[in-house]
Structure formats: C-alpha cells, structure tokens
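> For reference, the structure I am asking about is given below.
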Amino acid sequence: MSERLRMVGAVRETLRDELERDDSVVVYGEDVGEAGGVFRATQGLVDDHPDRVFNTPVAEAGIVGTGVGLAATGMRPVAEIQFQSFLYQGFHQLAQHVARMRSRTRGTVTCPMTIRMPYGGGIHALELHSESFEAGFSHIPGLQVVFPASPAETKGLLTSAIRDPDPVVFMEPTRLYRSFREEVPDDHEIPLGEARVAESGDDVTVVAWGSMLRETLDAIEDVDANVEVIDPRTLYPLDTETIVDSVKKTGRCVVVHEAPKTAGMAGEITSRINEEAFLYLEAPVERVTGYDVPVPMFAREDDYVPDADRIESGIRRALEFG
Amino acid sequence: MPDENVAQFTIRSVQVLAEDETVDEELVPDLDDDELLELYEQMKRSRRLDERAIALQRRGELGTYAPAIGQEAAQVGSAFAMAEDDWLVPSFREQPALLTRGTELHSILEYALGMEEGAEIPDGEGGLPPAIPVGSQPLHATGVGWGEALQDRPNVAVTYFGDGATSQGDVYEAMNFAGVYDAQTVFVCQNNRYAISTGIENQTEAETLAQKAIAAGIDGIQVDGNDVLGVYRVAREAMEKARNGEPVLIEALTYRRSMHTTSDDPSAYREGDEEAEWEARDPILRFQVYLEDRGILDDETEDAIDDRIESELAEAIERARADREALDPADMFRHVYAEMPSELERQYEAFEGDGGGGK
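Line by line, the protein sequences are chains A and B. Each residue of the first sequence is one higher than the one before, starting from 1 at the first, in UniProt numbering. Each residue of the second sequence is one higher than the one before, starting from 1 at the first, in UniProt numbering.
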C-alpha cells in the first residue's frame, strides 16, 4: 500500500511506522507532542505512543546529550531540532560525544541516534531559521549527513537512518515540506551513501541535493542540452563513484548548494572529481552556491538562495567553456 | 495581589565521621567489617595509583593525568553504594569510583597512555567512558537514567563532576531533564574548591552547590565529602530515591589536594598553609584512625593491603606498557562507523600503503 503524501507527511508516516515496528524508538524534541512539532511532522504520534513520544524542555544540548545516554541503554533516539541553526546550542554534544562515542570506546558503546532538522531558506522565516550547515556536519568524523529531496525519498532515507547503527544528521528542506505530493511506498529503505541519478544525460553533470535538486530540475527544462542530474542524498558518506562516473561521461560538472561557497561541499566534490577524473574534464567544475554572507533576513532571502536562473547560468558557463 | 512567600527551600548537610574522629553513632551506615575494609582499601588503591601515575608522567611515560588525591572518600563512598548493574558516568578524575566499580588498573593507565583501549566498556557492563569536556556528561547520565526508566529496569546512572561543571548550562539542563522525565539518575558534584585555578568563590555566588538542584525541581543534599561513611549514607539514600524516579544532586565538600592535572602547578594560585590544613582533613587518614580505634584495622591487615596494591600496580604497569608496545595504529580507522565508508577505506589503504602512519 502506498499513499500520496507531502514530505512532512512522509516524515510523520516514517516515524509512525518505526515507532510501531521497534519498541526502542523514542521520538522527542521541542513541541513534538500534542502540538505535533512546529511543522506538524510529528502530529498525532503522541496519541498512539504516549510512552515514547516526548515534548522536551527548550534545551538543545539537553536533547542531543540525553540521546547519548538513551542510546547507550539500548533505545533508538530520534530527536527533532526545531530549526537547524538551533542545533548550534547542542553542537558541542554532537561533535564531542554523539559522533565520537563509537571510536573512542572502540565500538563498545555506540550512538544509533537520528537528529532531524529543517534547514534552508525559502519560507520567509525569522533570522537563523534558514541555515544549511551540511559541510560542517560532514566534517565531523562519525556522523552521517542525509538530505531527502522528495516525499518518497524521505521515507526511504529516514527509515534507513533510524535503523542505522550510527548517528545520522537528517536535513529536511523546509521549503519542500509542503510543496508537492507523490506516491510514498510502505516499508521503503534507501541505503545511506548511495546517490541517485535523477535525470540522465551526457552533456553536463549537475550535482544537487535537498531543495536545490528541485531548483535544478526546474532549471534544466530551459537548457538545450542533455543534463545528467545527480542527487547524492548522503553527503557523508558521499557516493563519489556515481559522481565521478557521470563526469567521466560528460566532462563538465556543476555543483549546487545553498550554503556559502567557501569551504562548502562543492569544494569537496570538486576535489574528488579532480582526484579521480581530472583528465576527463573539459571545463573547471562550476559552483552555484549561496554567498559568503550570513543568510540574510527574508526581504533579501531570494537574492541569496540559488534559483533556477542562477543554476541555468552555471550550466551554460560549464557547457560553453573552452 | 499580596506580596507573599510562595516557596521556600532548605539544604541538609550530613556528616557521620568528623575530622576530630567524633562519630554520630545514629547515622553510622550498616556496613560489616569486610565492607568497611573494602572502602578503605579502594581509597588507598586509588591514592597509590595516582602517586605512581604522577611519577610515571614525570618520567615521560604517561600523558596528562588528573589525580583524585583528597577526593577518595567522595567517590569511593558513593560508588560503593551503587548496585551491580548501575551505570557509572564519569568525568576525567574518577579513578576512585572506577576502581570501586571494578575497572582494572591497567585500563586506567592505558587511557593515560593515550589509548582508546583504556576507554572501552567491558561487554555487558553499564557505563560510559571518561568525559573530557567539563560538565558535558551529566546529560548522558540523564539519558541513561531516563532510558532505564523507559525500559522498566531498576538501574541507576551515577555521574561525577566538579564544582566548575556546575557553571555549565549542560549541568542545569541535565538536572532539569532528569526532573521532567523522572530519570533514575544521581548527580555527584565533588566540590573540591578548584576548577584548575579558579576557586569556588569565583565560580558562583551560590551559598551551596546542592541548591542548584532546587531550580531544577530535584532534591539536593550536601555531605562532608571527606567522610566516607557520610558519603555512603547520603549516596545510598539518593540511589534509592533515584531508583524510584526521583533524581538527586549530592554536593560532596572536599578538596583537590593535588594538581588539576600533571600540567598544572597549584603553587601559583594557592595560599600558603591551605594545603597543610586539608592534609590534616585527609579522608584516608580520617577513616584509618576510625578503623584502628574499633579494632577493624591492625598493622598486619594494613601491610597485607599495601602489599596487594603494590603488586597489582606493578602488574598493571607492565600490562599497560606491553599493550602500548603492541599498539596497532591502523585501529583508528576501524571503529568510526559500524561499516567503513568507501572514502575512509581509501584513506585507510593509503595509510597502509605509506607504511602505516609514517613509520
């Protein structure tokens, strides 16, 4: 049985299924109980599982830090951080403990925890509600960083994240929460670390994830070339092979993200292409990204976040080089 | 709207065996002679471990080491009150508690030799490795105490930290979460009067640290941390409460008689006769006189304890040296994830190809 759901519904149904399937799953975070979370991603869950769905005090370090202990006792904490940038108040717990527990105890204590958080711009929210810190999370050994880009992908990736033996930072693109519906299969798992070829082509490769994947798919409609679009889905571990194979075919690549340009994931992806496909390149890898500025307030937000026009220009530059 | 007092709070403070050897017989916990001797021996074992470790560090054999000298009663007394399957959630100065809970000497030394092997938790045992960031681990203990409650298990998490940690927001968050979720957690704050060089008078204006529990809505109690009988009594009471979902903060008043770590020189910030004053209040000495006065400890038993500790230590040092010698550097790649990601595997292969860490 599949259902036509929006992304926010896919999150909710996945959490519902995993709570049902596994008694050790605990869903907790600010306002996730009766209110169902500020985006309603947990609506109704507390009614069926009052013993495993919890509102927490407003304390992100507390949410992340207690997860370490819950996991050590055999529970599977699935925490919601209300907005990605609020995670900074629990960042020390993530970097110092969640990510390191397995390695520092040589596997004798582990932390199978999933931390979900809405990220990115596009909903005209307050300051510090629009960040996209994937490069920072990917830089912390021990974490896995996952980005769904559609309702069905959300179901498959979140299911795998919750069942994974290691911690996962699960970045939900805020502006895709309610943007469209699609069929979401039941009991759907997508392995972490495997990219998806969203669109096949042999003229140029575009790598994009989360909300930028949707923008990219819009952008290529106006491009008169065969564009291959790759959604890595997981930024750590990153499926280098799928990206490199594509670039070997096309010789040209554009990487898109809404995070700032400097030290963003596009730099890492470019390096991997240089290491493994240098002689296949016919143009420098093009980056279409946010700027090195704090994400502006929403009056200027649309000027900061890459849109289909900027992505299209980036693709043209890559195609026209040389 | 009247102006009225809507809540008031008090903090109890407990002492059983005083510095001058007077004893409140009514408060003496029910422990037999063997148990009393075990308390004594664990305190001495930890003291000797610290002394040997400092010497080894001075010779360049160990890395930075944080001695617990002076704090043995605060830790041994409380750890001894734990039940078999309870969880120890330590900071980095918890040798007395670790030893009381059965951690092997060589493990502690290996951690100080910079080896992850020293932070392993033996299979089937509840516990977490030492936490280095000050005040970060009480949240883990809250998570453990909450997880145990969710799974209807009776086990309690006991976490140790110092006076400095109480200034961290995480410690408040830990107590507050514990209160909200009825976590089976005991917070043992060893007020040893120093956070590296910062004295307690600069750490907080709060009159006691036990009262930090009040804002979180959990019980707080103070005890003479150099009185092993008092600490045991208070800890046992706290653990029974925690087992029933009532978390407790214990403030054990003690003194860090030695350096913060081997990288620290306390003479730069301590008053002249302060250390001598606290030497006279030493927890091991106080308990030794108590045991001798009651005929529980004689010279023969004392010698047997010392011999046992010395030979265990000699063996542990040999074992740690041998394990250090046999260290496999490539091990660092193997435990980051359950399954090694391909990018990490490439780095691992490159490491092996380079001859393993530039050897």
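Glycine included, each C-beta is placed from N, C-alpha and C at the ideal position.
Between the alpha carbons of A/I162 and A/I115, how many angstroms are there, rounded?
By one-based count along the first sequence, residue 162 of chain A stands at place 162. By one-based count along the first sequence, residue 115 of chain A stands at place 115. Whole-angstrom Cα-Cα distance: 9 Å.
> I'd like the ranges of any beta strand (DSSP E) spanning at least 3 consecutive residues and lying wholly in the stretch 73-109 of chain A.
Entirely contained in the stretch 73-109 of chain A, the beta strand (DSSP E) runs reaching 3 residues are, in chain order, 76-80.
> Taking the straight line between their C-alpha atoms, what separation do you get for B/E125 and A/G67?
For the purposes of this step, residue 125 of chain B is identified with residue 125 of the second sequence, where counting begins at 1. For the purposes of this step, residue 67 of chain A is identified with residue 67 of the first sequence, where counting begins at 1. Taking the straight line joining both Cα atoms gives about 19 Å.
> Using a cut-off of 8 Å between C-beta atoms, extract the partners of A/A61 located in chain B.
If you number the first sequence from 1, residue 61 of chain A lands on position 61. By Cβ distance, chain B contributes L139, G169, D170, E173.
> Output the distance between the C-alpha atoms of B/A338 and A/D166, rounded to the nearest integer angstrom.
What you label residue 338 of chain B is simply residue 338 of the second sequence in a count that begins at 1. What you label residue 166 of chain A is simply residue 166 of the first sequence in a count that begins at 1. Distance between the alpha carbons of B/A338 and A/D166 is about 7 Å.
> Roughly how many angstroms lie between the CA atoms of B/H140 and A/Q144, to the nearest whole one?
Stepping through the second sequence from its first residue, residue 140 of chain B is reached at position 140. Stepping through the first sequence from its first residue, residue 144 of chain A is reached at position 144. Those two C-alpha atoms are separated by around 21 Å.
> Select from A/D186, A/T289, A/N274 the residue whose C-alpha is nearest the C-alpha of A/R283.
On the first sequence, position 283 is the one that residue 283 of chain A refers to. Looking at the sequence shown, residue 283 of chain A is not Arg but Ala. That would be A/N274, whose Cα lies nearest to the Cα of A/A283.
> Nearest chain B C-beta to A/P191 closer than 7 Å, yes or no?
For the purposes of this step, residue 191 of chain A is taken as the residue at position 191 of the first sequence. A/P191 does not count as touching chain B.
> If we count the other Cβ atoms within 10 Å of its Cβ and call it buried at 16 or more, is A/Q96 buried or exposed?
Within the first sequence, residue 96 of chain A is the residue found at index 96, counting from 1. Per the 10 Å Cβ criterion, buried.
> So which of B/S197, B/A210, B/D163 has the shortest CA-CA distance to B/N191?
For the purposes of this step, residue 191 of chain B is identified with residue 191 of the second sequence, where counting begins at 1. When only C-alpha atoms are compared, the closest one is B/D163.
> Comparing alpha-carbon positions, which option in A/D202, A/P141, A/V206 lies nearest B/E343?
The sequence position of residue 343 of chain B within the second sequence is 343, counting from 1. The shortest C-alpha separation from B/E343 is found at A/P141.
> Considering only heavy atoms of the ligand NAD, does any lie closer than 6 Å to the CB of B/R45?
Of ligands this structure carries none, so the ligand NAD is not represented either.
> Please report how far the alpha carbon of A/A10 lies from the alpha carbon of A/P118, in whole angstroms.
Within the first sequence, numbered from 1, the residue matching residue 10 of chain A stands at position 10. Within the first sequence, numbered from 1, the residue matching residue 118 of chain A stands at position 118. Approximately 14 Å, taken between the alpha carbons.
> So for B/E251, helix, strand or coil by DSSP?
If you number the second sequence from 1, residue 251 of chain B lands on position 251. Note: B/E251 maps to strand in three-state DSSP.
> In the stretch 104-187 of chain B, which residue ranges form an unbroken beta strand (DSSP E) of at least 3 residues, counting only runs that do not cross its ends?
Fully enclosed beta strand (DSSP E) runs of 3 or longer: 157-162.
> Using Cβ-Cβ distances below 7 Å, what residues of the stretch 90-113 of chain A are close to chain B?
Listed in sequence order: H92, Q93, Q96, H97, R102, S103, R104, T105, R106, G107, T108, V109.
> Taking the alpha carbon of A/A195 as the reference point, which residue from A/E183, A/E172, A/L213 has its own alpha carbon closest?
Looking up residue 195 of chain A in the first sequence gives position 195. Closest option to A/A195, Cα to Cα, is A/L213.
> Just verifying my parser: in three-state terms, what is the DSSP assignment at A/P260?
As a first step, residue 260 of chain A must be located in the first sequence, where it is residue number 260. Three-state DSSP puts A/P260 in a strand.
> Compute the Euclidean distance between the alpha carbons of B/G358 and B/P329, then round it to the nearest angstrom.
Here residue 358 of chain B corresponds to residue number 358 of the second sequence, with the count starting at 1. Here residue 329 of chain B corresponds to residue number 329 of the second sequence, with the count starting at 1. Caution is warranted here: a pLDDT of 46 is assigned to B/G358, below 50, making its placement in the model unreliable, and no coordinate value can be reported.
> Nearest chain A C-beta to B/F177 closer than 7 Å, yes or no?
Here residue 177 of chain B refers to the residue found at position 177 of the second sequence. With 7 Å as the cut-off, B/F177 counts as an interface residue toward chain A.
> Which chain A residues are close to B/I121, counting only those with a beta carbon under 8 Å from its beta carbon?
As a first step, residue 121 of chain B must be located in the second sequence, where it is residue number 121. Within chain A, the residues near B/I121 are T105, T108, V109.
> Which residues in chain B have a C-beta closer than 9 Å to the C-beta of A/G65? List them in chain order.
Taking the first residue of the first sequence as position 1, residue 65 of chain A is located at position 65. In chain order: S136, Q137, P138, L139, H140, T142, G143, D170, E173, A174, F177.
> With a threshold of 7 Å on Cβ separation, who are the neighbours of B/E72 within its own chain once the five nearest residues in sequence on each side are excluded?
Here residue 72 of chain B corresponds to residue number 72 of the second sequence, with the count starting at 1. Taken in chain order, the residues that qualify are M43, S46, R47, P96, P283, I284.
> What residues match up with A/T205 in a beta bridge as DSSP calls it?
Against the first sequence, residue 205 of chain A aligns to sequence position 205. The partner list for A/T205 (beta bridge, DSSP) reads A/E228, A/C253.
> What residue from B/M259, B/E302, B/L249, B/E240 has the CA that sits closest to B/Y172's CA?
As a first step, residue 172 of chain B is located in the second sequence; it is residue number 172 there, counting from the start. Among B/M259, B/E302, B/L249, B/E240, the Cα nearest to that of B/Y172 is on B/L249.
> Which two residues bound the contiguous beta strand (DSSP E) that contains A/V305?
Looking up residue 305 of chain A in the first sequence gives position 305. Run containing A/V305: none; DSSP gives neither H nor E here.
> Rounded to whole angstroms, what's the CA-CA distance from B/L313 to B/L105? Just pull it up for me.
Translated into positions along the second sequence, residue 313 of chain B becomes position 313. Translated into positions along the second sequence, residue 105 of chain B becomes position 105. Each residue's Cα considered, the two are about 7 Å apart.
> From the DSSP output, which residues share a beta bridge with A/T289?
Numbered from its first residue, the first sequence carries residue 289 of chain A at position 289. Paired residues: A/H257.
> For A/P191, collect the residues of the same chain with a Cβ closer than 7 Å to its Cβ; drop the 5 residues on either side in sequence, then sort them by chain order.
Residue 191 of chain A sits at position 191 when you count from the first residue of the first sequence. Closer than 7 Å at the Cβ level, and outside the excluded window around A/P191, lie S160.
> My parser needs the alpha helix (DSSP H) runs of 4 or more residues fully inside the stretch 8-91 of chain B; what are they?
Counting only runs of 4 or more, we get 33-58, 72-79.
> Under a Cβ-count criterion, where at least 16 other Cβ atoms within 10 Å of its own Cβ denotes burial, should B/D85 be classed as buried or exposed?
By one-based count along the second sequence, residue 85 of chain B stands at place 85. Classification of B/D85: exposed, given that the 10 Å Cβ count is below 16.
> If you follow the alpha helix (DSSP H) that B/P96 is part of, which residue opens it and which one closes it?
As a working mapping, residue 96 of chain B is identified with position 96 in the second sequence. Looking at the DSSP string, the run of the alpha helix (DSSP H) that includes B/P96 is 95-100.
> Could you pull the start and end residues of the alpha helix (DSSP H) that A/V46 belongs to?
As a first step, residue 46 of chain A must be located in the first sequence, where it is residue number 46. 45-48 is the span of the alpha helix (DSSP H), which, as asked, contains A/V46.
> Could you check whether B/F287 and residue 383 of chain B sit closer than 7 Å to each other, using their CB atoms as the reference points?
Lying before the first or after the last residue shown, residue 383 of chain B is absent from chain B, which here runs from 1 to 359.
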